[in-house]
Structure formats: structure tokens, C-alpha cells
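A short write-up of the structure that comes next.
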Amino acid sequence: MVDFSHQPTMKGFFAPTRFEADVYDCEVIGKVPTDMNGAFVRLGGDWLYPPKFSDDAPFSVDGYINMFRFKNGIVDYKGRWVKTPRYKADLAAHKQLFGEYRNPFTDDPSVKGLDRTVQNTTPLAFAGKLFTLKEDSLPYEINCNTLETIGPYNFHGKYKSLTFTAHPKVDPVTGEMICYGYEAAGLETNDVYLYTINKKGEVTREVRFKVPYISMVHDIGLTQKHVIIPVFGFVTSMERLKEGKVHWGWDSTRPSYVGIIPRDGEAKDIRWFKGPERATVHTLNGRTEGDKVILEAPIFDSNPFPFFPSVDGSPWDAQKARAYIRRNTFDLNSKDDGFTEEKLFEMNVSDLGRVDDRYLSLPYRYAFTAYTDRERPFDQWRAGNLQGRVSNCYGRFDLATGKKSSYFVGDTCSLQEVCFVPRKGSSEEGDGYVIGMASNYAEMRSELIIADAQRLEDGDVARVILPFRSTAQVHGRWMDEDQLPFA
Ligand SMILES: [Fe+2]
């Protein structure tokens, strides 16, 4: 028996969908650009069975991969569960066997030792293969045409970390991937293994180092010369897990650290800078200018996630859980461990931002992300009581001039993470399309938005309509026709 009726957050638009889908030649409002050939692949989650504990984190949701396949202006949709050992075990038992977020001590004894990853965070196309990523395990390889799960992948046995980040960086100049795992040597270890993997998928470098304290190293910054490693207030311990708690708690007394390591450096070359309480969950871009290393990122003042509670029992503070685009500058010549921080825009934004990936690790100008414009209309009668809580705009933030241009999604929708698709044949930064999923609360359906990134004010050029609610994504990626062996 499957019963979601006692899950207060899983109602209405946010109720589990629990089906796999194929839609051929999707309905489109407008015209899909014919120079977009490839796929927009989204990874997120859907609950196969309700969580075992009411305070479990939503990050425990079962992985669900879905793909909008673009071919000459026609779009097909496909959605599949990521068929992890956990998914299969739960399905066989007809119930949730796994307990709190990243805490194996809370699982049913029957699944002891089984890979408990849910693979729900980021899709990746690399070296001709499609992967799902979740930071508690190896990548899982997926068939890019059927979206069926092949299984865990360790780069010919040369990738030794037990975990793999959801945010690897691909250097647009060399095509190599800089990636890492934290808690790399096992649960509750402070080891990070940092890798370079060439564009053929061969591991060419491994550096092992330790972080100041075990924390969520969710994302990094990459420059042409350095890797930037933010560490901030999420803490964990074996004691905490044995007490049956979710993996992370927030400790506001912990300083944030940022490690800077040369890309050709060893563990001894890492330099740790120290700052106040902050949360840098996602980054935008990094660069090295002389002796300065610069990171731009949407950074929170404190804990962004209410489901990872404070270790001192204090309540979650929504005011401090707002991200602002900031610039951190690290002076490699400085004698102390401090760094400077600037707020680049006086408005809070979604921390799921994006740049034109052809400019990753290089000097750049534009950042894209979603935000809430409370001045825009919201049709409460048709869309429900979500006024002020929807992301109704995608912004292009010009870091050179401080100006912003905006796309408004309409008065019944909320936007998920933005994605940038470069225009074929162009190398100009920001020339291309902004795409992303909109939740249309009035129509109870998901719509894929496509807008011209240089003319956001003009509205979308196309909306691909799904006749149902697709699962919420964590992250989505555009994968060009030539990146994967598409049929
Ligand atoms: Fe992420």
C-alpha cells in the first residue's frame, strides 16, 4: 500500500507523480528554434514511497531523469526513474526501506551495505556518456536514448573517491573535467580527492587533501590556474548519525573556509582563507588575475535549508536564507587568511545560477538566474496562494555595468533553475537561449520556456507544453547533439 495522505508538503502541484512518460512531438506555443539540436536533460526527484521519517530532507527523494530531445524544431519528452539499487529494493519490498538523509544507521536492516544513493541532483554529459550525479556516491551511467540506468561508473577504475560531486567543472579551453569527491574515503571522513579527467574520460591527475572540518562541499569554483573550494557551516559526525539524525546540521559558530589550490599543485600547496558565517552552495564563475583569485557566487548569510536544523536548537532564519550575488577576492600575496567580499546586486536571487559555460574559468560578463519580482502580477484566483513565493523572472545580470534584463514568465507560473544554451556558430558571450522549466499552477502542468538570452524583455520564443506536472528538477543541463550518441 502506498499512502501519501500524511505528507503535508506533497499536495496539489507538489504531489508525487510516480509515472514514467513518453510524449512524442510535444505541443508547442510559439516556434522552437531550429538551431537547437540536442537535449535539455533534467534531474530531480519523485518519491516512489513516502519518506520513512517525517523530518527527512527532501534531498532523499528518488532520482528521476527526464529529457526534452530537440531535433529540427520538434521536441520529444521522456521521463524515467533512475533505477538505483535503493529504488529496486524499495520496489521489491513495496515500501521505503531507507531512513534519514545520508544516514545508513536509520535504514531497515535488510538493506545494510546496499548503495543507498538516490541519484537526484545533476545530469552530466562527458566523454560521450550520460551520467546522473549525487554527491554521496559514484556517478551512474544512463543510456542517453532510453534513459534506462546502466549503473555506477568509476572511470576505468582510476577514480578512487567513493563519492563524486554534483558540480564537476569542464574547462572550455582544454575540454578536461575538474571533479572531486568529499567524504571521499568513506562516511564521516574529512578527505577530499580532487581529479582531472581528460576529454576522453581518462583520469590524468589525483590530489588528496583534507578539509578543515567535514562539511558539504557541494560546488567549487574553477579558474584557468586554480580550484576554489568553499567549506561552510554544515557539520556532521558519526555520533550524530548514530543518534538517528539527518546527515547535516548547521553550526553558526563555524567560520567559512575557502581553499585555493593550483590546478597543477599538490595537497601541500592548498591555502585556506577564513571568513564569517556564510553558505556558498553554488558558484557562478571564477578567474585568476595576477596574484588574485576571484569567485563570484550567490552566497547566503546563513543556513539555506530548514530541513538541516541548527545544532544549537535555534530556529531557522528565513531572512538569512537569501542569496545575493557576491564577489570574493583572495589575495595570494596576503600575509593573513582573510579575503574581501562585495555584494554586486542589492537584490536576493535564486542560488541556482548559470553562466555561458564557454566562458567558465575565464573573464566573463553575464550571470543568469531566477528571482522574485513582487511588482509583477500574480493571479491568485487561478494559481493559488503562492504570491511572493514564486520565481517569476529570469534575469541576465551584467557584472560589468550592474544592469539587469529580465524575462517574466506570466501570472500563474513559477520558474525552476535557468539554463543557458549557446547559439550554434556564435562565440559571443551570452548569445543564445535561456531555457528552463515553468510550473504552471493554473493549468497543473509543466512548460519548458525558451527565450532569446539577448532579448529577455521580449518574452519567450517558445513554450513546450507537457500535459502533466513533471517532477521538480534540482539541476538541468543542455547537451548538444555532438556531445552524446543520440539516435
Ligand atoms: Fe547543486
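Position 221, counted from 1, in the sequence shown is what the numbering used here calls 251; the numbers after and before it change by one each time, with no gaps.
Note that CB positions come from ideal geometry on N, CA and C, so glycine has one too.
This structure is a prediction, so every number in the text was calculated from the model and none was measured.
Which of helix, strand or coil DSSP assigns to residue i
i       : result
Glu-511 : helix
Glu-371 : strand
Leu-429 : coil
Glu-171 : strand
Val-341 : coil
Gly-518 : No information on residue 518 is available, as it lies outside the stretch 31 to 517 that the chain covers here.
Leu-496 : coil
Leu-121 : helix
Asp-488 : helix
Thr-136 : helix
Ala-348 : helix
Phe-34  : coil
Phe-239 : strand
Gly-42  : helix
Val-222 : strand
Val-141 : helix
Asn-470 : strand
Val-504 : strand
Asp-249 : coil
Beta-carbon proximity check, residue i vs residue j, cutoff 8 Å
i       : j       : result
Ala-196 : Leu-224 : no
Gln-254 : Leu-445 : no
Arg-507 : Val-71  : yes
Tyr-354 : Pro-334 : no
Leu-160 : Pro-153 : yes
Asp-137 : Trp-111 : no
Lys-272 : Glu-130 : no
Asp-556 : Phe-330 : This structure leaves residue 556 out entirely; the chain is present only between 31 and 517.
Met-474 : Ser-500 : no
Tyr-471 : Ala-400 : no
Cys-423 : Arg-406 : yes
Asp-347 : Lys-322 : no
Leu-514 : Gly-181 : no
Ile-479 : Val-58  : no
Cβ distance (whole Å) where residue i is taken to contact residue j below 8 Å
i       : j       : result
Asn-220 : Ile-250 : Wrong, their Cβ atoms sit about 16 Å apart, outside the cutoff.
Val-491 : Gly-60  : 5 Å
Asp-106 : Asp-65  : That pair is no contact at about 18 Å.
Tyr-212 : Val-222 : 5 Å
Phe-398 : Gly-425 : 7 Å
Val-257 : Ile-291 : 5 Å
Gly-289 : Trp-302 : 5 Å
Gln-484 : Gly-460 : 6 Å
Asp-387 : Pro-202 : 6 Å
Arg-352 : Lys-373 : Arg-352 to Lys-373, Cβ: 11 Å. No contact.
(request) Report the residue ranges of all alpha helix (DSSP H) runs contained in full by the region 255 to 332; include only those spanning at least 4 residues, in chain order. (result) Runs of the alpha helix (DSSP H) inside the region 255 to 332: 268 to 272.
(message) Residues around ligand 1, please: the ones whose beta-carbon is closer than 7 Å to some heavy atom of it, in chain order.
(response) Output, sorted by chain position: Thr-151, Thr-152, Ala-196, His-197, His-248, Asp-249, Val-311, His-312, Val-504 and His-505.
(request) Tell me the start and end of each unbroken beta strand (DSSP E) in the region 352 to 413 that is at least 3 residues and wholly inside, in chain order. (result) Counting only runs of 3 or more residues that sit fully inside the region 352 to 413, the beta strand (DSSP E) segments are 353 to 361, 370 to 373 and 396 to 401, in chain order.
(message) List, from N- to C-terminal side, the alpha helix (DSSP H) runs of 4 residues or more that fit wholly inside the region 53 to 131.
(response) Within the region 53 to 131, the runs of alpha helix (DSSP H) at least 4 residues long that lie entirely inside it are, in chain order, 115 to 123.
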